[in-house]
Amino acid sequence: MLNIHPRFKFNGHPYSNPKLRQLAYDLIKEGEDYEKSIGNFLADWLDSNTSITVQTSGSTGKPKSISLKKAQMVNSALATGEFFDLKAGERALLCLPTEYIAGKMMLVRAIVLGLELDSVNPTSQPMAGNSKSYDFVAMVPLQLENSLDALHQIKTLIIGGAPMSHTLKAQVQAQAQDGMAAIFETYGMTETITHVAVRLRLPARSLSGGRSATGLGRSFVALPNVQFSTDDRGCLIIDAPNVADGPVVTNDFVKLLSNTEFEWLGRYDNIINSGGVKLVPEQIEAKLMPIIGSRFFLGGIPDDKLGQKLVLLVEGKVDSENLLTKIKSLKTIQKFEVPKEIIQVPKFMETGNGKVMRRETVATL
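Here the sequence shown is numbered in the working numbering, starting from -1 and rising by one per residue.
Following this line, the structure appears as structure tokens:
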């Protein structure tokens, strides 16, 4: 039987194993939709099975169900607690949907580490009307964007699900002040039970173990008991024996700095071969972020001469001619990195938890 930390609280109330089972039943029977999801997970977590079935988000392929060992989920929670120096009795906020692993793991961390967890409806404005202070919170970028005025209420904030845009980073930087949240971007996936590495965004401070990071760090640092290597494509291999049964081979291009640190460059399956030149969209997108305010990404569409033509997809309306002029004027942009066409898309296709589906969006053109 999995133990419940004696300091664990949910929405202000302590729970033993029998009481938590009753809570799960009550949430499933009488709760709102997001609460039913919490109840379903708690019921699964407390049953006699040694593993639990979770759904991937589908951001890098079709959504699928995979089985994770509960013991490995506990190990992941312990690693997070060690890295961020979380202590029993500290307060945390669950504002992510528990249909996916990120939300589930906030519950596991609270149960295992003895955190006092509050739950709210996982909307785009999770801190609206909330004056409480929290030691540990996980959000997606959109939630952070809508919570900038509440950063003084959070001690440590981790961001996952999608990269932070240049605009959002600038907004966070402008909010920088004493006492505001230390914000970390995370790297991980369902198969590694959420994050196996983090990078500090703001403000500069010492990481666990005395490691330092700049306020706008470029590299991801491994959590405890995690090591990295690369394959012959230059893609990341994750060795995390406490949370995965074997090495996890990814499709992420990285620059390996050591066996515990890397810089993320882009996705192997997003590469565009245009006239024999291999383009990594994410690297070019980083150059375009300062001049494009709305969501965008680069894709490749079939072309008779080039094989694939580099195009820029922008969500919503934009002055394409003016934008293209701005792109060409950037000193950091190479000639072959200038998109051949700018395509306006009313709304990008998304996964259930808000990640942009690049291939599917391009396929609709």
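Positions of the beta carbon are idealized from the N, C-alpha and C atoms, including for glycine.
Contact between the stretch 107 to 123 and the stretch -1 to 8 is present: 3 or more CB-CB pairs across the two stretches fall below 8 Å. Apart from sequence neighbours up to five positions away, the residues of its chain that approach Asn73 with a beta-carbon distance below 6 Å are Asn240, Val241, ordered along the chain. Its Cα nearest to that of Lys315, the residue Lys345 stands out among Val138, Lys345, Lys338, Pro300. Fewer than three pairs of CB atoms, one per stretch, sit closer than 8 Å, so the stretch 258 to 273 makes no contact with the stretch 314 to 332. Assigned with DSSP and collapsed to three states, Gln123 falls in coil, not helix or strand.
Per DSSP, the beta bridge partners of Pro12 are Lys7. About 5 Å separates the CB atoms of Pro245 and Ile235; that is less than 8 Å, so the two are in contact. Cβ atoms of Met137 and Thr192 stay farther apart than 8 Å, at about 13 Å. Residue pairing by DSSP places Ala136 opposite Ile156 in a beta bridge.
For the pair Ser122 and Leu142, the CB atoms are not nearer than the 7 Å cut-off. Of the candidates Ile269, Val52, Lys68, the residue whose Cα lies closest to the Cα of Leu44 is Lys68.
With respect to the 7 Å criterion, Ala220 and Ala195 are classified as neighbours on the basis of their beta carbons.
Contact between Ala41 and Ile26 holds: their C-beta atoms lie close to 7 Å from each other, under 8 Å. Relative to the Cα of Gly297, the nearest Cα in the group Val309, Thr248, Val336, Ser256 belongs to Val309.
The DSSP-derived three-state label of Ile289 is helix.
Taken through DSSP and simplified to helix, strand or coil, Met187 comes out as strand.
The alpha helix (DSSP H) runs of length 4 or more contained entirely in the stretch 17 to 79 are, from start to end of the chain, 31 to 44. Residue pairing by DSSP puts Arg89 in a beta bridge opposite Glu114. Beta-bridge partners assigned by DSSP to Phe294: Val312.
Nearest in C-alpha terms to Thr184, of all of Leu166, His164, Ser217, is Ser217. As the crow flies, the alpha-carbon of Gln20 is around 20 Å from that of Leu92.
Bridge partners of Ile109 according to DSSP: none are assigned. Residues Ile26 of the same chain have their beta carbon placed closer than 7 Å to that of Asn38, with the five preceding and five following residues left out of the count. Counting along the chain, Val360 sits inside the alpha helix (DSSP H) bounded by residues 356 to 361. A residue is called buried once 16 or more other Cβ atoms fall within 10 Å of its Cβ, and Ile289, having fewer, is exposed. Excluding sequence positions up to five before and after Tyr132, its CB lies within less than 8 Å of the CB of Arg89, Ala90, Leu91, Asp116, Gln151, Ile152, Lys153, all in the same chain and listed in chain order.
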